[in-house]
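Engineer: Pasting a structure below so you can have a look.
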């Protein structure tokens, strides 16, 4: 869509765009280009000479069992976080959409967690799951489970999944509720007249009509689980015990920033970059279609 | 359904509310309690009414470590600068792209769009190198300026500006309004609700940053409260539990207050802005 009436001159608009373009060029494009460049190069042991090595860094990466393990861990983590955060949010949204007393209050009680930082969510869960002081940990010990997420890798994974999913429920709730409210009442009323009740009405009418929202949220949640949960892992487990919670993003940080392996870390960055580009492309193709309809 | 109480809905929603409120309540109540008792696993649901002095203690801090009031100040500064900066810069960019014609206009637009695909997480090392070469490590400018570019806000404002009727622009021009007057007197007023909604989203975004301050600000003087609390639970030297919990409450309160106070605009802006 183009405008017919416009203002003349080019100096003013360029001045308006300049701040944003400068920040983008220096802090986004330049570092990204740098990452791509170093992913094809390798430094000698003294860090003096740099030579071009083609795809060698990538070949090393994908034959490294530690990296493949991290990919697999990220997939498990992402699927669990997305599934929990979305299903809990959907159930809550369906009931919050009903005409009951106090629904305004219920909505507020479910919306505020949007404001909780992933890192702070992790701190809250540390306090719940701490073997010594945590209520949840006490409960689990009481039913005979030996609970210590700092030693047990599976439990550590569970802890970061729960904290990450907990933080994301309210975001999904807001979108599901908006999606439900945009379904025209006559549609659900007609289904009710036809005798479709409860679960069946939800499965055959409501859920299909929510498909655009659901699809959008799946993409956003994958991005969240893959990238924004860095803080949750850093605060709760620091990738441990061992490598039990070392996801791709956490590994990129460890290898690059802590262990200073520039070549490998850059190759990992490029792999992640491809991932974000694919996800963003999917999201925007879908948004385009939505606005055409 | 009239006249009958929908018990299932109430039970499910109450459980949901408890799931989110309880952890925060526990931390709120725990902050006021005796740290030794908490350490023994006796965390009570009831706050100790005489224990609120912990907040004064936490804000003042202990000698040798950054006091929490300072962390809150850094967090506030960071969240406000980022929110205001992103909104200002994006309003101007969207205005330039929509209401003017100039060479490479769409190239500029796509350049801004690309930032969506390059989160910090995928360019950690080279970003650090660039920051270091500009001398921005351990500075407040380094903490904020690079985060001010915003594809999301620019897209949102562009969308809004595209549907401003041509007649309105024409009428403003007839009245002798130049580009600047038009922007100030017409575009800004029609954008206020979106700006309010974006402010909430971006304030929360700025307040909740973790990886960025971790990379560019190692000086404890620039610790945000989010960085500070993670440091507290990560150290080997034990920090009293009531202090940790009081700091957590202080880290939670400001962004929650902003969301609750501006809930109506925020929800509308978030879901209608398509992102």
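Protein chains in written order, with the numbering used here: chain A, 45 to 337; chain B, 449 to 723. Even for Gly, the Cβ is constructed at its ideal location relative to N, Cα and C. Computed from a predicted structure; not experimentally measured.
(1) Does any residue of chain B bring its CB to less than 8 Å from the CB of residue 87 of chain A?
(2) Could you check if residue 628 of chain B is buried or exposed, using at least 16 other CB atoms within 10 Å of its CB as the buried criterion?
(3) Taking C-beta to C-beta, are residue 535 of chain B and residue 595 of chain B nearer than 8 Å?
(4) Comparing alpha-carbon positions, which option in B:610, B:632, B:501 lies nearest residue 620 of chain B?
(5) Hey, does residue 39 of chain A have any beta-carbon neighbour from chain B nearer than 8 Å?
(6) Any idea if residue 174 of chain A is buried or exposed, counting beta-carbon neighbours within 10 angstroms, 16 or more meaning buried?
(7) Need the endpoints of the beta strand (DSSP E) that residue 96 of chain A sits in, please.
(8) Whole angstroms is fine: what's the gap from residue 723 of chain B's alpha carbon to residue 600 of chain B's?
(9) Against residue 565 of chain B, what residues of chain A qualify as contacts under a CB-to-CB distance less than 8 Å, listed in chain order?
(10) Helix, strand or coil: which one does DSSP assign to residue 456 of chain B?
(11) Below 8 Å CB to CB, which residues in the same chain sit around residue 112 of chain A once its five sequence neighbours on both sides are set aside?
(12) Helix, strand or coil for residue 312 of chain A? Go by DSSP, reduced to three states.
(13) From the beta carbon of residue 336 of chain A, is the nearest beta carbon of chain B less than 8 Å away?
(14) From residue 221 of chain A to residue 137 of chain A, what does the alpha carbon distance come to, in whole angstroms?
(15) Which residues of chain B have a Cβ atom closer than 9 Å to the Cβ of residue 278 of chain A, listed in chain order?
(16) Where do the N-terminal and C-terminal ends of the beta strand (DSSP E) with residue 86 of chain A fall, by residue?
(17) Considering just the uninterrupted stretch of the alpha helix (DSSP H) at residue 294 of chain A, what are its terminal residues?
(18) Please compile the residues from chain B whose C-beta is within a distance smaller than 8 Å of the C-beta of residue 154 of chain A.
(19) Using a threshold of 8 Å, state whether the C-beta atoms of residue 577 of chain B and residue 78 of chain A are closer than that.
(20) Using a beta-carbon distance below 8 Å, is residue 256 of chain A in contact with chain B?
(21) On the DSSP bridge assignment, give the partners of residue 51 of chain A in chain order.
(22) How would you label residue 336 of chain A, buried or exposed, when you count the other beta carbons within 10 angstroms and need 16 or more for buried?
(23) Would you call the stretch 191–210 of chain A and the stretch 267–282 of chain A in contact, with 3 or more CB pairs under 8 Å?
(24) Please confirm whether residue 547 of chain B has its beta-carbon closer than 8 Å to some beta-carbon of chain A.
(25) Please go through the same chain and pick out, in chain order, the residues whose beta-carbon is closer than 6 Å to the beta-carbon of residue 227 of chain A, but skip the five residues on each side of it.
(26) In chain A, which residues lie with their C-beta within 7 Å of the C-beta of residue 550 of chain B?
(27) CA-CA distance, residue 219 of chain A and residue 275 of chain A?
(28) Against residue 118 of chain A, what residues of chain B qualify as contacts under a CB-to-CB distance less than 7 Å, listed in chain order?
(29) Suppose you measure from the CA of residue 449 of chain B to the CA of residue 251 of chain A; what does that come to, to the nearest Å?
(30) Indicate whether residue 72 of chain A and residue 84 of chain A have their beta-carbon atoms separated by less than 8 Å.
(31) Can you tell me the Cβ-Cβ gap for residue 461 of chain B and residue 311 of chain A, rounded? I've got them flagged as a contact below 8 Å.
(32) Evaluate the contact criterion for the stretch 678–689 of chain B versus the stretch 638–655 of chain B: three or more CB pairs, one atom per stretch, below 8 Å.
(33) Less than 8 Å between the CB atoms is what I'm expecting for residue 298 of chain A and residue 283 of chain A, so what's the real figure, rounded?
(34) Near residue 352 of chain A, what residues of its chain come up, given a Cβ to Cβ distance below 8 Å and the 5 sequence neighbours on each side ignored?
(35) Evaluate the contact criterion for the stretch 689–708 of chain B versus the stretch 157–165 of chain A: three or more CB pairs, one atom per stretch, below 8 Å.
(36) What does residue 543 of chain B reach in chain A if we use C-beta pairs closer than 7 Å?
Structural biologist: Judging by the given coordinates:
(1) Not one chain B Cβ lies under 8 Å of residue 87 of chain A.
(2) Its Cβ having fewer than 16 others within 10 Å, residue 628 of chain B is exposed.
(3) No. Outside cutoff.
(4) Nearest neighbour of residue 620 of chain B by Cα position, chosen from B:610, B:632, B:501, turns out to be B:632.
(5) In the structure as shown, chain A begins at 45 and stops at 337. Residue 39 of chain A is therefore absent and cannot be evaluated.
(6) So residue 174 of chain A ends up on the buried side.
(7) It spans 94–96 - the beta strand (DSSP E) in which residue 96 of chain A sits, taken as one unbroken run.
(8) Unreliable positioning characterises residue 723 of chain B in this predicted model, as indicated by a pLDDT of 41, which lies under 50. A coordinate reading is not provided.
(9) 317, 320, 321, 324, listed in chain order.
(10) Judged by DSSP in its simplified three-state form, residue 456 of chain B adopts helix.
(11) These residues qualify, in order along the chain: 106.
(12) DSSP places residue 312 of chain A in helix when its eight states are reduced to three.
(13) Because the pLDDT at residue 336 of chain A is just 44, under 50, the model does not fix this residue reliably, and the point stays unresolved.
(14) Residue 221 of chain A and residue 137 of chain A have their C-alpha atoms some 5 Å from each other.
(15) By Cβ distance, chain B contributes 658, 659, 662, 678, 682.
(16) In the DSSP annotation of this structure, the continuous segment of the beta strand (DSSP E) that includes residue 86 of chain A starts and ends at 85–87.
(17) Residues 292–297.
(18) Neighbours of residue 154 of chain A on chain B, chain order: 461, 464, 465, 468.
(19) Against a cut-off of 8 Å, the Cβ pair of residue 78 of chain A and residue 577 of chain B comes out as a contact.
(20) Taking Cβ atoms only, chain B never reaches closer than 8 Å to residue 256 of chain A, which makes this a no.
(21) Its beta-bridge partners are B:548.
(22) Note on residue 336 of chain A: pLDDT 44, under 50, position unreliable in the model; no value is reported.
(23) Using a Cβ-Cβ distance cut-off of 8 Å, the stretch 191–210 of chain A and the stretch 267–282 of chain A are in contact, since at least three pairs of beta carbons, one from each stretch, lie closer than that value.
(24) In terms of beta-carbon proximity, residue 547 of chain B lines the interface with chain A, with at least one pair separated by less than 8 Å.
(25) Contacts found: 253.
(26) By Cβ distance, chain A contributes 54, 57, 58.
(27) Approximately 24 Å between the Cα atoms of the pair.
(28) Neighbours of residue 118 of chain A in chain B, taken as residues whose beta carbon is under 7 Å from its own, are absent, since the nearest beta carbon is some 12 Å off.
(29) In this prediction, residue 449 of chain B scores a pLDDT of 47, lower than 50, which makes its location untrustworthy; the coordinate-derived value is nonetheless stated afterwards. For residue 449 of chain B and residue 251 of chain A, the distance between alpha carbons rounds to 22 Å.
(30) No. Outside cutoff.
(31) Not a contact, Cβ separation roughly 47 Å.
(32) Here the stretch 678–689 of chain B makes no contact with the stretch 638–655 of chain B; the two share fewer than three CB pairs at distances below 8 Å.
(33) For residue 298 of chain A against residue 283 of chain A, the beta-carbon gap comes to about 6 Å, under 8 Å, which counts as contact.
(34) This structure leaves residue 352 of chain A out entirely; chain A is present only between 45 and 337.
(35) The stretch 157–165 of chain A and the stretch 689–708 of chain B touch, with three or more beta-carbon pairs separated by less than 8 Å.
(36) In chain order: 60.
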